[in-house]
Each structure stands twice: as C-alpha cells, then as structure tokens.
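Student: In the working numbering, the protein residues as written are 28 to 144. Every residue gets a Cβ at the ideal spot worked out from N, C-alpha and C, and that includes glycine. The structure presented is a predicted model; accordingly, all values stated were derived computationally and were not measured. Please see the structure below; I have some questions.
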C-alpha cells in the first residue's frame with residue numbers, strides 16, 4: 028500500500044516562498060513518477076508540476092514556470108519549492124505518485140497554501 032504525506036503549507040504574503048514536502052511510504056521509490064496538483068475553492072484539481080522516476084525530466088504548468096521547482100531525493104521524498112507566490116496560487120496542494128509499471132496513481136492528503144496580497 029502506497030502512502031503519501033504532504034506537508035509544508037502555510038500562509039504567506041505575495042512574493043513569499045514556501046517549500047512543500049511529500050514523504051512516500053513505498054518499497055521502491057524510483058518506480059514512481061512524482062507530481063504536485065492543486066485545487067482552489069470552486070475549481071477543479073489542476074496539474075502543477077511533475078518529475079520522472081530518474082529526476083531527469085520535469086514538467087510545469089505554464090502558470091508556475093520560473094517560480095516553482097520540483098525535486099526528489101533518495102529519502103523517498105519529493106518537494107515543491109515555491110517562490111514569488113501570488114494570491115492566485117492559493118489552493119490545497121496534493122502530492123501524487125504514479126507507478127511507472129502499472130499506471131496506478133496515489134494521492135497525499137493535501138496541504139493548504141494561502142497567499143495574501
């Protein structure tokens with residue numbers, strides 16, 4: 028059973044930074060591509076960023092390019108460094124893990140990010 032625990036959310040002013048963390052309880056972390064999604068009130072969940080199992084390939088939503096950076100390490104963790112935050116970044120952020128072999132997807136519980144102007 029895959030378990031993901033998101034953390035690092037909080038409240039910041041516009042222009043501030045936050046770093047989200049996702050701790051994955053999996054047998055072989057490198058079998059999973061990792062990603063971050065977010066859902067604002069009244070809106071659908073949307074893609075934010077992803078990183079391949081090797082860490083060599085990264086993808087970002089246009090709205091966060093140049094401000095957010097996704098990474099992963101050998102401690103079964105993924106991160107989302109968020110700089111120059113804007114009020115429109117306010118949302119619940121969810122960690123996602125996708126099994127490269129089966130395509131199964133797993134979600135964290137979410138962490139709230141609130142950016143005030």
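May I have the straight-line CA-CA distance separating residue 157 from residue 99, to the nearest angstrom?
Tutor: Only positions 28 to 144 of the chain appear in the structure, and residue 157 is not among them; the question remains open.
Student: Relative to the C-alpha of residue 51, which residue among 43, 45, 60, 65 is closest?
Tutor: Residue 60 is the option with its Cα nearest to residue 51.
Student: Just to confirm, is the Cβ distance from residue 44 to residue 35 under 8 Å?
Tutor: No, the Cβ-Cβ distance between residue 44 and residue 35 is not below 8 Å.
Student: Between the Cα of residue 137 and those of 131, 90, 129, 123, spot the shortest distance and give me the residue it belongs to.
Tutor: Ranking the options by Cα distance to residue 137, first place goes to 123.
Student: Counting only runs of 3+ residues fully inside the region 90-125, write out the beta strand (DSSP E) ranges in chain order.
Tutor: The region 90-125 contains these whole beta strand (DSSP E) runs: 95-99, 104-109.
Student: So the beta strand (DSSP E) residue 75 belongs to, where does it begin and stop?
Tutor: Counting along the chain, the beta strand (DSSP E) containing residue 75 begins and ends at 73-78.
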